[in-house]
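Residue 206 in the UniProt record's numbering sits at position 206 of the sequence shown, and the numbers go up by one each step.
Notes follow once the structure below has been shown.
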Amino acid sequence: MTPRRAAPLAAVLLLAVAACTGGDAGTGSDAGTGSDAGTTERPAATRTGEDLLARLRDGGLTIVIRHAATDHSRPDAPTVDLDDCGTQRNLSAEGRADAQAIGAGIRRLAVPIGEVWASPYCRSKDTAELAFGRFEVVPGLERLYPERDERAEQRLNRLIERQAPRAGEPHLVIAGHGVYPGVLAPPVTLGEGEAALYARTGDEFTLAGRIKPEDWATLGTAAGNQRVARVADSVVSLNGPGGAGSAFRVAVPGILVTSAHLVAGAREITVVRPDGTPLTARVLGSDPSVGVAALRVNDSGLPPLHSGSGLAQARPQDRAYAVGASGALMAGSIRALKQPVTVAGGGQVAAIRIDTDPPAGSAGGPLVDESGYVLGVLTATTGTDGGFAIPVDVARAAALEIVREG
C-alpha cells in the first residue's frame, strides 16, 4: 500500500498516532496481530480501575487511542488517497458505536480533554470525531510504516515532547493506529479502540495503563468502587402513587427517607429490600416544599447510611454516584452545589446538580461521594435536564421535623 500525500491539512504537525507497522492494509499489525503483541503486560481492570480513574481525573496524560473497529472485508487500496475515504479501510458499524461509547464514557467520567490529534486516515479522523467531536490532523504519521521514516518520527517525537501535558493539565489525545512515535515508551500493541495512557515525568514517559473500549463503561461504577457498591445494601425499592422509586435507611432507627412525590397521599407503602424481602412502611409525612418524605419500618435489617463531612467538603467537578434500588448505580460529577430547581411537589430548592441522568427508578435514593457518604436525596424536577439531589442538610432537617411530628 502506498499512501498518496494529501494537501497539507494543518500548518503544524499535530500528532495522531498514525501508523501501523507493516500492515495498515488490514492484515498486519494494524489488525492487532503483530509479533510484539503482549510484550507489555496489560494492567487488569479489576486491579487498577480506581487507580486508572484517579489518573484520568487528574489530567497530565498522553492518551493514545487506536482507531475503533474497521471493516476488514474492504482493505486499503494498493494506492491510498488520504483525501478519499473510498480508497481506505473504514470504521465498521461496530467501530462507530465503539467510538461513540468511548466518548460517552469519557464525558460521564468528566475526564479533562485538551487537544485531540488524529492521523490523516479516515478511520482515525472518524474515531476522533465520533468520540470527541473535534480533532486536528497530523500529517506525517502515515510515514511510520511500512518502514519508519526516521526524520518524520524525529519531528513527531519533538512535537510530543513540546506539547504533551504535565500533571494537572488536560490530557492530549492521539487517535491513530497500532504503532506510534518512539518517545512514548514502552510501546504496546493496541487492539482496535484500545487506549494506552502515558504519564510524563520531566522529559520521560511511562506507561500508566491501558483501557479497552468496553472498559470505559465500567470505570467509576460499583465494579471499581466497593465503598459505593455497599451503599446499595441500604436502599429499597418502592412503587407508590407517584411512581416507582427508591428509599434509603438513615441514622435514625427505623427511618427511611425518600422523595415526597412518590408517596403523596399514601399512609402505608410496601418497600422491597435488596434481597427481595417486602416490608410494610408507614408514611410518617412529607415536606413538598423540599421534596422529602420520611417512612418508618420495623426491623428493616438495612445498614444505615451517614453523611459525614461529605457535603461540607464537596466541590464542583467532584465525583458523585446516584444509587437506586437493586444495585442501580450511575457515576457522574458535581456540576453545581446550589442549582435553583422546582421539585415535583412545586417547591423551590437550591439543589445539587450532577452531569448525568440517574438510573431509572432511583428517585428517592441517595447521591453519595466516593467514600459512600450521603450528599443528598435524588429527586425529580420540572423543566430541567440532568440529575438533581436535595442537599443532605436540607433533607435531614425536613426528615427530623417529620419524625418529631409523626
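No residue lacks a Cβ here, since even glycine has one placed at the ideal position from N, Cα and C.
Per DSSP, residue i is paired with what?
{"i": "Val-137", "result": "Ala-118"}
{"i": "Thr-356", "result": "Thr-356 is not bridged to any residue."}
{"i": "Gly-245", "result": "Leu-238"}
{"i": "Phe-205", "result": "Arg-200"}
{"i": "Gln-339", "result": "Ala-351"}
{"i": "Phe-388", "result": "Arg-353 and Thr-379"}
{"i": "Val-272", "result": "Ser-237 and Pro-278"}
{"i": "Thr-258", "result": "Ala-247 and Ala-293"}
{"i": "His-171", "result": "Ile-113"}
{"i": "Ser-286", "result": "Ala-293"}
{"i": "Ile-65", "result": "Ala-175 and Ala-195"}
{"i": "Pro-366", "result": "Val-377"}
{"i": "Thr-127", "result": "Answer is none; Thr-127 lacks a bridge partner."}
{"i": "Ala-322", "result": "Met-330 and Leu-367"}
{"i": "Thr-218", "result": "Its beta-bridge partners do not exist; DSSP assigns none."}
{"i": "Ile-211", "result": "Ala-195"}
{"i": "Leu-91", "result": "Thr-70"}
Measure how close the beta-carbons of residue i and residue j come, nearest whole angstrom, since I'm counting them as under 8 Å.
{"i": "Arg-66", "j": "His-177", "result": "6 Å"}
{"i": "Glu-214", "j": "Gly-95", "result": "Wrong, their Cβ atoms sit about 13 Å apart, outside the cutoff."}
{"i": "Val-341", "j": "Phe-388", "result": "5 Å"}
{"i": "Gly-59", "j": "Gly-168", "result": "5 Å"}
{"i": "Thr-127", "j": "Ala-68", "result": "5 Å"}
{"i": "Val-183", "j": "Ile-160", "result": "5 Å"}
{"i": "Arg-89", "j": "Arg-74", "result": "6 Å"}
{"i": "Gln-339", "j": "Ala-110", "result": "So it is not a contact: roughly 16 Å between Cβ atoms."}
{"i": "Val-349", "j": "Val-231", "result": "No, Val-349 and Val-231 are not in contact; Cβ-Cβ is about 23 Å, not under 8 Å."}
{"i": "Leu-52", "j": "Leu-219", "result": "7 Å"}
{"i": "Arg-319", "j": "Glu-370", "result": "5 Å"}
{"i": "Glu-150", "j": "Pro-181", "result": "That pair is no contact at about 11 Å."}
Please name the residue in the options whose C-alpha comes closest to that of residue i.
{"i": "Pro-241", "options": "Ser-259, Thr-189, Arg-319 and Leu-141", "result": "Ser-259"}
{"i": "Leu-141", "options": "Arg-134, Leu-130, Ser-119 and Glu-129", "result": "Ser-119"}
{"i": "Gly-276", "options": "Gly-182, Thr-342, Gly-301 and Leu-256", "result": "Gly-301"}
{"i": "Arg-108", "options": "Val-343, His-261, Ile-354 and Asp-84", "result": "Ile-354"}
{"i": "Gln-313", "options": "Ala-293, Leu-337, Leu-295 and Met-330", "result": "Leu-337"}
{"i": "Leu-284", "options": "Gly-103, Ser-371, Leu-400 and Ala-217", "result": "Leu-400"}
{"i": "Glu-194", "options": "Val-257, Thr-356 and Ala-175", "result": "Ala-175"}
{"i": "Arg-282", "options": "Gly-105, Leu-256 and Arg-57", "result": "Leu-256"}
{"i": "Phe-248", "options": "Val-272, Arg-200 and Ala-208", "result": "Val-272"}
{"i": "Gln-163", "options": "Trp-117, Leu-262, Ile-334 and Thr-189", "result": "Trp-117"}
{"i": "Ile-106", "options": "Ala-217, Arg-148 and Glu-115", "result": "Ala-217"}
{"i": "Val-173", "options": "Val-231, Gly-114 and Glu-153", "result": "Gly-114"}
{"i": "Leu-279", "options": "Gly-406, Gly-254 and Glu-150", "result": "Gly-254"}
{"i": "His-262", "options": "Pro-274, Tyr-321, Pro-288 and Val-250", "result": "In the sequence as displayed, the identity of residue 262 is Leu instead of His. When only C-alpha atoms are compared, the closest one is Pro-288."}
{"i": "Pro-274", "options": "Gly-243, Ala-294 and Ala-229", "result": "Ala-229"}
{"i": "Asn-239", "options": "Ala-363, Ala-398 and Ala-97", "result": "Ala-363"}
{"i": "Gly-243", "options": "Ala-251, Val-250, Thr-270 and Val-252", "result": "Thr-270"}
{"i": "Thr-87", "options": "Asp-71, Leu-156 and Arg-335", "result": "Asp-71"}
{"i": "Pro-112", "options": "Phe-132, Leu-156, Ser-286 and Val-179", "result": "Phe-132"}
{"i": "Val-392", "options": "Gly-386, Ile-352 and Arg-404", "result": "Ile-352"}
{"i": "Asp-299", "options": "Ala-97, Val-252, Arg-148 and Ser-286", "result": "Val-252"}
{"i": "Ala-398", "options": "Ile-334, Ser-286 and Arg-335", "result": "Ser-286"}
{"i": "Glu-147", "options": "Val-179, Arg-158 and Arg-155", "result": "Val-179"}
{"i": "Asp-84", "options": "Arg-155, Gln-100, Gly-386 and Tyr-121", "result": "Tyr-121"}
Between the beta-carbon of residue i and the beta-carbon of residue j, is there less than 8 Å?
{"i": "Gly-347", "j": "Ala-325", "result": "no"}
{"i": "Ile-390", "j": "Gly-291", "result": "yes"}
{"i": "Lys-125", "j": "Val-137", "result": "yes"}
{"i": "Ala-380", "j": "Ala-344", "result": "yes"}
{"i": "Pro-358", "j": "Leu-375", "result": "no"}
{"i": "Gly-103", "j": "Leu-130", "result": "yes"}
{"i": "residue 407", "j": "Leu-91", "result": "In the structure as shown, the chain begins at 1 and stops at 406. Residue 407 is therefore absent and cannot be evaluated."}
{"i": "Arg-55", "j": "Ala-208", "result": "yes"}
{"i": "Pro-304", "j": "Ser-234", "result": "yes"}
{"i": "Arg-143", "j": "Arg-166", "result": "no"}
{"i": "Val-64", "j": "Tyr-198", "result": "yes"}
{"i": "Arg-227", "j": "Gly-372", "result": "yes"}
{"i": "Thr-356", "j": "Gly-332", "result": "yes"}
{"i": "Gly-406", "j": "Ala-293", "result": "no"}
Margin query: Using 8 Å as the cut-off, can you tell me whether the region 302-315 makes contact with the region 260-267, which would need three or more C-beta pairs spanning the two stretches below that distance?
Written below: Output reads no: the region 260-267 does not touch the region 302-315.
Check: Does the region 74-90 come close enough to the region 201-218 to have 3 or more Cβ pairs within less than 8 Å?
Finding: Verdict: no, contact absent.
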